[in-house]
Every structure is written in C-alpha cells, then in structure tokens.
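A.B. asks: I'd like to ask some things about the structure below.
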C-alpha cells in the first residue's frame, strides 16, 4: 500500500508533517483503453518494463546507481533518497495484477461517487484483459 505524506505550510515558509494516508492502490499502475491499445504491443511493453523494474529494484542498483539517478533527475538529497528506498518496493511482474487491488480501488471510487457499484458487485474480469495481464 502506498503511503502519501501530508504537510502543512504557512506564509513563514515553515512546513511540518501532519500525517500520512495510505492509498488502497499502488502508486504506479498502467491503465489502457481496449479500443486504443492493442493487446500484443501492450503485453510486450509490460514484459519489457518488468525487466527494467527488476534491475532498478535490485540490491546492487539500490546501493548507489538508483540514488545517483534519483538525485540527478529530481535533485533530492542523498539522505532522503536512501531513507525512501528503504520504504518502497516495486511490482516484480508488471504483467500480473492482484484482483484485490482492483476491487479495493473500485470500492474506494464507489464511495467517492466516481463509479457506481453494480447490483451484484464488481467483477474484476470486467476491468482486465487476460491477453495482456493475469490476475493473481
């Protein structure tokens, strides 16, 4: 579960941490419209992405290369990056999605009034293409 931090700021420029709220879904998901994304290229993309994610998530990369990349790309202090890397994890297989993630997300979106729950509940298969991903 991703945790989002909330901070409070004021005109003096001071910022203080006031809490965090865990989201019911991972921070990185890829959604594709069935009429706009062909299954084969999308599956190939997710397969290739898995390779990059696996490399980025390796202990060897986390030791320094990831730190250097994040620092250069986003300008964060090394100490903050190292602390963050201790708390974050990535999907091991980008072609797999837990059905619970979809159900939990739909339930939250239903409560927020973004989607409407069908009388018989949500069917996870209605939200996935088994030519592209597999439910786990």
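In the UniProt record's numbering, the protein residues as written are 1 to 136.
The beta carbon of each residue, even a glycine, is placed where N, CA and C say it ideally should be.
In this text, all values refer to a predicted model and were calculated from it rather than measured experimentally.
1) Would you kindly check if the distance between the Cβ of residue 133 and the Cβ of residue 102 is under 8 angstroms?
2) Opposite residue 134 in the DSSP bridges: which residues?
3) Using CA coordinates, which residue listed in 53, 77, 36 is at the minimum distance from residue 29?
4) Here's a check: name, in chain order, each residue in its chain whose Cβ is nearer than 6 angstroms to the Cβ of residue 49, leaving out the five neighbours to either side.
5) Just to confirm, is the Cβ distance from residue 59 to residue 90 under 8 angstroms?
6) In terms of alpha-carbon separation, which member of 76, 51, 88 lies closest to residue 62?
7) Taking the alpha-carbon positions, what's the residue 65 to residue 79 distance?
8) For residue 99 versus residue 42, is the C-beta distance shorter than 8 angstroms?
C.D. replies: The relevant details are as follows:
1) Between residue 102 and residue 133, the gap from beta carbon to beta carbon reaches 8 angstroms or more.
2) In the DSSP output, where bridge partners are listed per residue, residue 134 has 96.
3) Ranking 53, 77, 36 by Cα distance to residue 29 puts 53 first.
4) The beta carbon of residue 49 sits closer than 6 angstroms to those of 94, all from its chain and outside the five residues before and after it, given in chain order.
5) Contact: no.
6) When only C-alpha atoms are compared, the closest one is 88.
7) Distance between the alpha carbons of residue 65 and residue 79 is about 14 angstroms.
8) No, the pair does not count as a contact, with Cβ atoms beyond the cut-off.
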